[in-house]
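Step one of this worksheet: look at the structure below.
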Amino acid sequence: MPEIITNRKPKPKYDIVLIGGGIMSVTLATLLHELEPELEIAIFERLGRFAKESSAAWNNAGTGHSAFCELNYTPEMKDGTIDISKAEKIVEQFEISKQFWAYLVDKKLIDQPQQFITSCAHMSLVFGENDASFLEKRHKKMTQSHLFSEMQFTRDHDKLREWIPLIMKGRNSSEILAATKMDLGTDVNFGTLTRKLGFHLLNASNVEIFLYHEVKDIDPKDDGSWELKIKDRLHSHKQDVAADFVFIGAGGYALPLLDSSDIAESEGYGGFPVSGEWLVSHNEELIRQHKAKVYTLASVDAPPMSVPHLDLRIIDGKEALLFGPFAGFSTKFLKEGSYLDLPESVNFKNIRSLFGAWWHNLPLTTYLIQQVAMTKMQKMNHLREFVKDAKDEDWELKIAGQRVQIIKKDEAEGGKLEFGTEVVVNKKGTIASLLGASPGASTSVSAMLTVLEKCFPEKVKGEWASKIVEMIPTYGKKLSEHPQLTRDIRNFTKEKLQLHY
1 MPEIITNRKP
11 KPKYDIVLIG
21 GGIMSVTLAT
31 LLHELEPELE
41 IAIFERLGRF
51 AKESSAAWNN
61 AGTGHSAFCE
71 LNYTPEMKDG
81 TIDISKAEKI
91 VEQFEISKQF
101 WAYLVDKKLI
111 DQPQQFITSC
121 AHMSLVFGEN
131 DASFLEKRHK
141 KMTQSHLFSE
151 MQFTRDHDKL
161 REWIPLIMKG
171 RNSSEILAAT
181 KMDLGTDVNF
191 GTLTRKLGFH
201 LLNASNVEIF
211 LYHEVKDIDP
221 KDDGSWELKI
231 KDRLHSHKQD
241 VAADFVFIGA
251 GGYALPLLDS
261 SDIAESEGYG
271 GFPVSGEWLV
281 SHNEELIRQH
291 KAKVYTLASV
301 DAPPMSVPHL
311 DLRIIDGKEA
321 LLFGPFAGFS
331 TKFLKEGSYL
341 DLPESVNFKN
351 IRSLFGAWWH
361 NLPLTTYLIQ
371 QVAMTKMQKM
381 NHLREFVKDA
391 KDEDWELKIA
401 GQRVQIIKKD
411 EAEGGKLEFG
421 TEVVVNKKGT
431 IASLLGASPG
441 ASTSVSAMLT
451 VLEKCFPEKV
461 KGEWASKIVE
471 MIPTYGKKLS
481 EHPQLTRDIR
491 NFTKEKLQLH
501 Y
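full-length UniProt numbering applies: residue 1 is where the sequence shown begins, and numbers increase by one.
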């Protein structure tokens with residue numbers, strides 16, 4: 001998407017205002033424009049380009065999160081059974097995303113899908129007999145669902161050398177390993193996808209995009225609409241803009257903006273910022289030996305986004321290997337934010353939640369301190385648990401994105417740290433915000449459909465209903481209950497998105 005540098009000022013009033021130029025805002029704007037092209041929509045992004053924060057390719061794992069390899073989505077219960085309900089929910093959400101992207105490609109609203117989505121096997125890998133037994137039991141449970149029926153499992157070293165030669169190189173034949181593999185997996189460049197959607201919106205009627213424009217405050221008006229205080233960061237111009245509906249998709253800055261709206265639903269929310277760092281290799285010889293995303297179990301007390309994984313990435317047509325993430329800490333809520341973000345977010349409405357979450361997550365604090373203190377040598381030693389002969393000169397450190405985990409009110413604990421994503425909507429359905437980090441971008445279409453259902457329920461059930469089904473053929477149906485529909489829709493999205501599993 002080209003940079004937009006203009007002296008044009010926003011209009012005094014819009015039907016819809018979206019804050020932030022990431023995957024969530026552009027997805028919602030695209031849905032709304034397809035459903036009702038007459039709506040006057042404005043998007044305000046504080047930076048000079050869309051997708052420079054969490055949606056940027058190097059700022060997230062690029063995993064089309066479909067619960068194929070993420071072991072934390074399939075916990076083992078106290079009675080020894082494996083709960084796959086969350087995995088089923090997440091894979092269905094990603095199938096919804098693929099359907100919408102396929103619709104956009106089919107209608108020629110975006111092009112060249114191979115620039116943002118590529119086939120890439122998703123694997124889980126574990127070490128030792130206990131974890132191998134768990135993985136085998138997980139595989140047996142998951143393949144009972146047709147959503148995961150193509151998942152392969154092996155303990156065989158020869159098969160593992162075929163799947164992951166880089167990881168198997170130099171391993172002792174007596175070492176116990178086990179892995180599952182799903183060839184339906186993908187690598188997604190959410191930065192490119194976001195900018196493709198942005199370029200489409202830039203050329204759409206009744207949609208206006210303002211880069212270098214920051215929303216500083218949101219206040220309710222007497223007529224039920226909202227007044228936003230906008231700052232043009234290039235020209236130091238300030239003005240108020242009114243909107244009937246506001247969506248806050250500003251990543252880490254969603255929390256303070258939601259708080260500024262003073263809606264009752266925002267009370268008690270706090271944020272815990274977590275940064276990350278990758279080890280990255282562009283060595284072509286190594287890349288040729290690793291053509292998958294390989295996840296393993298998180299260490300004790302580690303947050304879910306810190307599950308170690310060694311991934312193939314395809315960014316702007318170039319392949320690379322990525323290992324991590326290594327957790328870090330910053331008081332910023334965005335990579336290009338302020339170190340005052342965290343302290344300025346604390347107020348009387350959320351201080352009990354923040355203290356409660358901290359008190360009940362002391363091991364997480366210790367874990368983060370240990371991660372921040374790690375040297376490159378220590379990180380390389382961690383990598384060598386995966387790649388035995390990893391050489392320092394083949395890997396460089398790269399800073400990942402900044403995430404803000406949700407802290408919610410909890411009657412028992414004061415506050416509870418959440419690791420998912422959550423849509424917050426006021427009672428009138430005139431303002432909505434997305435909070436949280438994972439699985440995030442992969443489920444953007446499902447999350448934005450939730451916004452539509454909560455904020456425009458009558459239109460979703462009425463005049464928009466047939467168009468939604470045209471865009472999302474499985475809308476309103478559980479794929480877990482429809483084997484043939486699942487096969488049909490996967491074949492459709494495979495063709496339109498030019499996937500090659």
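Cβ coordinates follow ideal geometry from the N, Cα and C atoms, glycine included.
As the structure is a computational prediction, the values presented were derived from the model and not from experiment.
In the DSSP assignment, find the alpha helix (DSSP H) that holds L71 and state where it starts and stops. Careful: L71 lies outside any alpha helix (DSSP H) and carries neither H nor E.
How big is the Cα-Cα spacing for K86 and M377? 36 Å
So, are the CB atoms of G481 and K398 less than 8 Å apart? Sequence inspection shows Glu at residue 481; the Gly mentioned does not correspond to that position. No, they are not a contact pair.
Below 8 Å between beta carbons: does that hold for V241 and Y14? yes
By Cβ distance, which residues of its chain are closer than 8 Å to H213, with the 5 residues on each side in sequence left out? P10, F44, E45, R46, I230, K231, D232 and R233
Cα-Cα separation, residue 509 to N203: The chain is shown from 1 up to 501; residue 509 falls before or after that span and cannot be answered.
Thinking C-alpha only, which one of E36, E92, L193 and E336 is nearest G462? E36
Considering just the uninterrupted stretch of the beta strand (DSSP E) at S124, what are its terminal residues? A121 to F127
Is it the case that the Cβ atoms of H146 and P483 are separated by a distance below 8 Å? yes
Taking Cβ positions, are F329 and S281 nearer each other than 8 Å? no
Following the continuous alpha helix (DSSP H) through M24, name the residue where it begins and the one where it ends. I23 to L35
Output the distance between the C-alpha atoms of L499 and S338, rounded to the nearest integer angstrom. 40 Å
Residues of its chain near A56, where Cβ-Cβ distance is below 6 Å and the 5 sequence neighbours each way are ignored: G191
Give me the Cα-Cα distance between D219 and K494, rounded to the nearest whole angstrom. 45 Å
By Cβ distance below 8 Å, which residues in the same chain neighbour E470 in space, the five residues on each side in sequence not counted? Y103
Which residues DSSP lists as bridging F245, in chain order: I16
For H309, report the span of its beta strand (DSSP E) as first-last. H309 to I315
Relative to the C-alpha of W226, which residue among S260, T194 and F199 is closest? S260
In the structure shown, what three-state DSSP assignment does P273 receive? strand
In terms of residue numbering, what span does the beta strand (DSSP E) encompassing W101 cover? Segment S85 to D106 is the alpha helix (DSSP H) holding W101; no beta strand (DSSP E) there.
Pull up the distance between the alpha-carbon of R288 and that of L166, whole angstroms please. 9 Å
Judging by CA-CA distance, which residue of I263, I41, R49 and I468 is the nearest neighbour of T194? R49
Can you look up Q144 in the DSSP assignment and give me helix, strand or coil? coil
Within the continuous alpha helix (DSSP H) that includes H382, where are the two ends? K376 to L383
Supposed close pair K467, D106 - CB separation, criterion 8 Å: Not confirmed; about 14 Å, so no contact.
Please say whether F247 and L18 have beta carbons closer to each other than 8 Å? yes
Length of the line joining the Cα atoms of R161 and M151: 18 Å
Pull the bridge partners of A292 from the DSSP assignment, please. A121
I315 to Q114, Cα distance in whole Å? 11 Å
Residues in the same chain with beta-carbon distance under 6 Å from D83, minus the five sequence neighbours each way, listed in chain order, please. P75 and M77
Option in E40, F148 and K137 with minimal Cα separation from L479: F148
Contacts around G185, its chain only, beta-carbon distance under 6 Å, and the 5 residues preceding and following it disregarded: F68, C120, A121 and H122
If we ignore side chains and look at the alpha-carbon of each, how far apart do F210 and T143 end up? 47 Å
Return the residue from the list L125, G249, T486 and L321 that minimises the CA-CA distance to A42. G249
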